[in-house]
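The sequence shown: position 81 = 128 (the working numbering), numbered continuously.
Beta carbons are placed, not taken as given, at the ideal position from N, Cα and C, and that holds for glycine.
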Amino acid sequence: MAVSYDDILHADLGCLEEAAKAWERMAKKFGTLGQDYRDHVRAAVDADSWQGASAKTFGQWGRKTAEEYDQAKGEAHGVGALFRLAHATLDAHKKAVERARDDAQDAGMDVNSRGHCTMNFDKVAAKKGEEVADGYRENPKAKAVVEEKWTDRIKQVVKATQDADAGLCTTFMTDPKEPEKGLPNGFNGAVGDDVVKKNAARAAKTYESIKNGGTPSPEKLREAAILARAHGDDPEFSRTLIDSLGGPEGLIKTHDRLDDLAYYDDKDHKKSYVSLDKALATNLASATKNPDSAFYKRFQGDMEKAGVKEYDLKVAGEKIPEESGSTHHGQKVRGYQSLVSLMQRGDGYGKQFLFDTADAIRKAEDEAQGGDPDIWDLMGDFGTKQDAHFAHDPLDGILDVMSHDPEASTEYLDPGPEEKRDNLSYLLNKRDWNHVDLGSPDPAGMNDPDKENSDARQGLARAIEAGATGEQPIVGDGAARPHATHTIPEARIMNQVIDQTDPGMGGSSLPENLQRPIANALADYSSDTHRSLYRGDDASDHPGVHGSADNATLNVNPQKLVRVMRGVSDSPEAFAMMHQAEREQIRQDISNLPPDVGPTSPKVTDSMTRAGATMGAFEAIRQDRVLDLRDDEMSEADWNAKLKYHIVGGVFTPLPYVGDAVQRSIDTWTWDEGNQVKSSADTEAKQELTRQWLSSDSQIRHMVNDWAASSESIDEDAPGLSTLKSRVVMGQRDDTREQAAGWLARGKD
């Protein structure tokens, strides 16, 4: 009996995916058992110590047993592949039925449990107006035509689902050929093998047609995407598919044609082409997962040649209009630009594949390795949102892909204990980032007029954040981790970033796209920077990375640290991120103070002195930024307003062992005056209130008062409280602020 519309909508397909996973686990276990049998049982049998007829007979049976383990592994793997195919196929068809139902409902239909559509006049009136609804009320034939149209559409997708279900039943019931190895009537490793090969051939046929300029039907596109997705984790399928397309060059041409169709030639079916491209990226990931395979070595060898060849791609070719008369209309792209564009559509790539691809791209561009720094240059800025599907800078693009795997980012960027690995140093200081071609250098070769794309270093920035923190890059307004821990390689990356992005005395800001991600990374190291900014700890006397493998500490030269913090603070969001993390560190220190200590306690003065030092450094950085904005009063107001928004809106982490009353008290130094600013109606008064609220004077006053208020044994007239504020905390604030201003070339050193 065929499945009905209602059956499809309520089908739980998760069981198919779970079944696939179970069979794959079984295949893995059979593989382990088979290897154990060969390593221990067969090895003992094959030893010279056992001779004669019995040894020969057992050897024959032993070989059969080993083959049977292989057959069992193959059968389990094959059945798992069949279940994955069933899940992918039925899931795609179920979604098609749901889309048809949703479209009918959006058109004003009520859809019953059999998929029959009836017009709902109220819905039609709400969407198209009462006049249209009244027209259908008065014309039952027109109403019936519309209802029948939507009912037929649902019937079509239901029929397609029924056909797919019947096809899967046939596939599952088909008897595969008997294996030549193993035991008679034993396990059959051919189960699923034919299906995988046939499906790879079917998918390849559609991809091949696209590569050669054809435009397959929507049904063929859907089928190829389902097949590629169903077998996406199967290396054999993926390698067969890529080899069928012609290896790396065929893969590049197929992706380029899919991109042309999606964004230029057939935009109406963009989703289908992008879906096919994503499936192809998944196949690439599984095909290259094993760097020891013959396929991998062949692929990388061929890719090095294809990666620097030129190919047609409309996103580049159409960038310069034909009517401009420029010879750059129809400009071509390099293979690595297309490969990385494809990779950005997928995930799950093996670390070695990421590293080898990055190394090959660098080799093609690095002059020190015989490369051409201008190899990726193109006319036009491709850093815009509309061109985001094209990895115009493939090295920055592969770093963006790598940033989704923090462990890989750390390993790739880690300079090592003696800084012998230069990937990070090359990217920060030596690489030519000017890939917008503006013409030829002057005759003497002294001036290259090229410039950077507007998205230059975005991939590097995300890889630095992932590599230095061991976490996925922060998205949007997310907060930094409080009191994070780091490995030694992560800390080495952060240390080298600070050392090599230090702009020096009176130096310029860091490149715009590096600012927020590096600030995010610095915020992750707030417990270390909190210590380094307090000169009393003499962090500069013992610079570098210390501690254990998984709990490293970072001692940073405070001068370099302040200048880098200033370098990222053109972005108010970046400054706010670091400021918020520092507040968290101060709050933690305050919460750790014993409840019975007074303002003259060494523990209190030490904690408050450190707070004063970091507030002084942040004040110097903020004032330096404001001085740079003074030529444009609105820019200063704008920067302050954005900063206030992000600081007031910051996410606080509840502190352990601190009661609600104390927690609220500690938090008031963020909120009180911020709310005064919000309530002010006068623009100039509001700007002045903002300046006062952002000043460390205000923050210190709140911090000390709130700490005192949180203690049961201290009142506002307690001896030493005024001295703690004015001399201890503000005195340290003044000293550090003056020092930091000097490091920024704004005052005395």
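Point to revise | Segment limits, alpha helix (DSSP H) that includes residue 628 | key: 619-638
Exercise for review: Give the DSSP-derived three-state secondary structure of residue 783 in the structure shown.
Suggested key: helix
Check your understanding: Taking just the CA atoms, how far does residue 509 sit from residue 786?
Key -> 32 angstroms
Check your understanding: Thinking C-alpha only, which one of 390, 284, 250 and 321 is nearest residue 342?
Key -> Comparing Cα positions, the closest option is 284.
Exercise for review: In the DSSP assignment, find the unbroken alpha helix (DSSP H) run with residue 156 in it and report its ends.
Suggested key: From DSSP, residue 156 is part of no alpha helix (DSSP H) but of the beta strand (DSSP E) over 156-158.
Point to revise | residue 522 classed as buried or exposed, judged by whether at least 16 other C-beta atoms fall within 10 angstroms | key: exposed
Review point. How many angstroms separate the CA atom of residue 666 from the CA atom of residue 547?
Key: 24 angstroms
Point to revise | Cutoff 6 angstroms; reference residue 131; Cβ partners in own chain excluding five residues on either side | key: 67 and 277
Exercise for review: Starting from the C-beta of residue 334, find all residues in its chain whose C-beta is less than 7 angstroms away, skip the five residues before and the five after it, and write them out in chain order.
Suggested key: 282, 285, 286, 289 and 342
Check your understanding: Going by Cα to Cα distance, which pick from 621, 597, 519 and 580 is closest to residue 559?
Key -> 621
Practice item. Decide if residue 552 is buried, meaning its Cβ has at least 16 other Cβ atoms within 10 Å, or exposed. Key: exposed
Check your understanding: For the segment 531-551 against the segment 604-623, are there 3 or more C-beta pairs whose distance is under 8 angstroms?
Key -> Touching, per the Cβ criterion.
Review point. With a cut-off of 8 angstroms, do at least 3 Cβ pairs link the segment 145-161 to the segment 191-206?
Key: Three or more pairs of CB atoms, one per stretch, sit closer than 8 angstroms, so the segment 145-161 contacts the segment 191-206.
Check your understanding: Which stretch, first to last residue, makes up the alpha helix (DSSP H) that contains residue 594?
Key -> Residue 594 -> not in any alpha helix (DSSP H); beta strand (DSSP E) instead, spanning 591-595.
**Study point:** Per-residue burial, residue 774 [other beta carbons within 10 Å of its own, 16 or more giving buried]
**Key:** exposed
Exercise for review: Assess, as a yes-or-no matter, whether the segment 444-459 is touched by the segment 395-408 under the definition of 3 or more beta carbon pairs within less than 8 angstroms.
Suggested key: yes
Check your understanding: Does the separation of the CB atoms of residue 754 and residue 637 fall below 8 angstroms?
Key -> yes
Check your understanding: Is it the case that the Cβ atoms of residue 332 and residue 320 are separated by a distance below 8 angstroms?
Key -> no
Check your understanding: If you count every other CB in all the chains shown that lies within 10 Å of the CB of residue 27, and 16 or more means buried, which is it?
Key -> Nothing about residue 27 can be reported from this structure: the residues present for the chain run from 48 to 796 only.
Check your understanding: Looking at the structure shown, is residue 161 part of a helix, part of a strand, or coil, going by DSSP?
Key -> Residue 161 falls in the coil class under three-state DSSP.
Review point. Helix, strand or coil: which one does DSSP assign to residue 253?
Key: helix
Exercise for review: Note down, in chain order, each residue of its chain lying with its Cβ closer than 7 angstroms to the Cβ of residue 351, except the 5 sequence neighbours on either side.
Suggested key: Around residue 351: 407.
Practice item. With DSSP collapsed to three states, give me the class of residue 601. Key: strand
**Study point:** Three-state secondary structure (DSSP) of residue 72
**Key:** helix
Check your understanding: residue 151 to residue 173, Cα distance in whole Å?
Key -> Rounded to whole angstroms, the gap between the alpha carbons of residue 151 and residue 173 is 15 angstroms.
**Study point:** Best match in 788, 683 and 746 for proximity to residue 633 [C-alpha to C-alpha]
**Key:** 746
Point to revise | For residue 380, the three-state DSSP class (helix, strand or coil) | key: strand
**Study point:** 7 angstroms CB neighbourhood of residue 626 in its chain, flanking five on each side removed
**Key:** Within the same chain, residue 626 has close Cβ partners 665 and 694.
Point to revise | Beta-carbon contacts of residue 337 that lie in its chain and below 8 angstroms, excluding the five residues immediately before and after | key: 282, 343 and 397
Review point. Expressed to the nearest angstrom, what Euclidean distance is found between the alpha-carbon atoms of residue 273 and residue 527?
Key: When rounded, the separation of the alpha-carbon atoms in residue 273 and residue 527 is 39 angstroms.
Point to revise | Alpha-carbon spacing of residue 158 relative to residue 202, whole angstroms | key: 12 angstroms
Exercise for review: Could you tell me which residues DSSP puts in a beta bridge with residue 357?
Suggested key: 381
Check your understanding: By Cβ distance below 8 angstroms, which residues in the same chain neighbour residue 260 in space, the five residues on each side in sequence not counted?
Key -> 304
**Study point:** Validate contact between the segment 371-379 and the segment 436-444 using beta carbons, cut 8 angstroms, 3 pairs
**Key:** no
Check your understanding: Are the segment 74-89 and the segment 111-127 in contact at 8 angstroms, needing three or more beta carbon pairs?
Key -> yes
Review point. What number of angstroms, rounded off, separates the C-alpha of residue 438 from the C-alpha of residue 185?
Key: 56 angstroms
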